[in-house]
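Engineer:
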Amino acid sequence: MTTPALADVPVRSSLALTRRWVALLTPLTFGRRSLWLTWLGADGRQSPVVLPVDDVPVEPDRGLLSRVLDVHAEVGTHLTGDGAHLALALCRPGEPVETDDDGEWMGALHEVLDGALDGTWSLHLAAGGRVEPLVDVPSSFLRRAGNGRR
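Take the sequence shown: its position 82, counted from the start at 1, is 260 in my numbering, and no numbers get skipped.
(1) Which value, in whole angstroms, describes the spacing of the CA atoms of R210 and T216?
(2) Could you name the residues of the same chain whose beta carbon sits closer than 6 Å to that of R328, not counting the 5 residues immediately before and after it, in chain order?
(3) On the DSSP bridge list, what partners appear for E310?
(4) Determine the closest residue to L266 out of L242, L303, S192 and V234, with distance taken between C-alpha atoms.
(5) Nearest to F319 by alpha carbon, out of P188, G261 and L257?
(6) Work out the CA separation of H256 and V246 for me, nearest whole Å.
(7) How about L243 and E276: are their beta carbons less than 8 Å apart?
(8) Alpha carbon to alpha carbon, how far is R308 from R322?
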C-alpha cells in the first residue's frame, strides 16, 4: 500500500488542519517566534508551498501583516486558484496556551485579513509541543472542500 503525499490529502475539517500543522511543524519546539503560511485550494488540497516568516515580533506588526496579504494575493491565488484559504500558524517558545500577545496577533490578523480575504483564513498556535486552533477554518470553506472529493 502506498501513502499519498501530504499535499494530495484534502483538508476537510478543522481537526484535519490542526493535524496537518502538526505534521508540517514537527518537532513542535521553537526557540523564536515565526509565522508560517500555507494555502488550501477550494477542494481542500494543500499547495506545495509552506512559507515561514522568521523572527516575528511579540506584538503584531501591521506592516508585516500587510505584506502577508500581498504574498497571499501573489502566491496563494496562483497556487490554488479562486477560493484559496490562507492557513497561518503562529509558532513560539513557551506553553501551549493562548497569551495576551497571541490575542493581539489574532486581533491584528482579523483587522487586516477579514475584509480582504472574505474570512477565508485560519490561525493555529504552535508552542510547547502542541498545536491548537485560535481561529478556525470557516465552515463555508469546509463545505466547499467537502464537495470537492475526488
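Beta carbons: idealized from backbone N, C-alpha and C, even for Gly.
Structural biologist: Put simply:
(1) 19 Å
(2) In this predicted model, R328 has a pLDDT of only 42, less than 50, meaning its place in the structure is not dependable; the value taken from the coordinates is given anyway. So no residue of the chain qualifies.
(3) L303
(4) L303
(5) G261
(6) 15 Å
(7) no
(8) 28 Å
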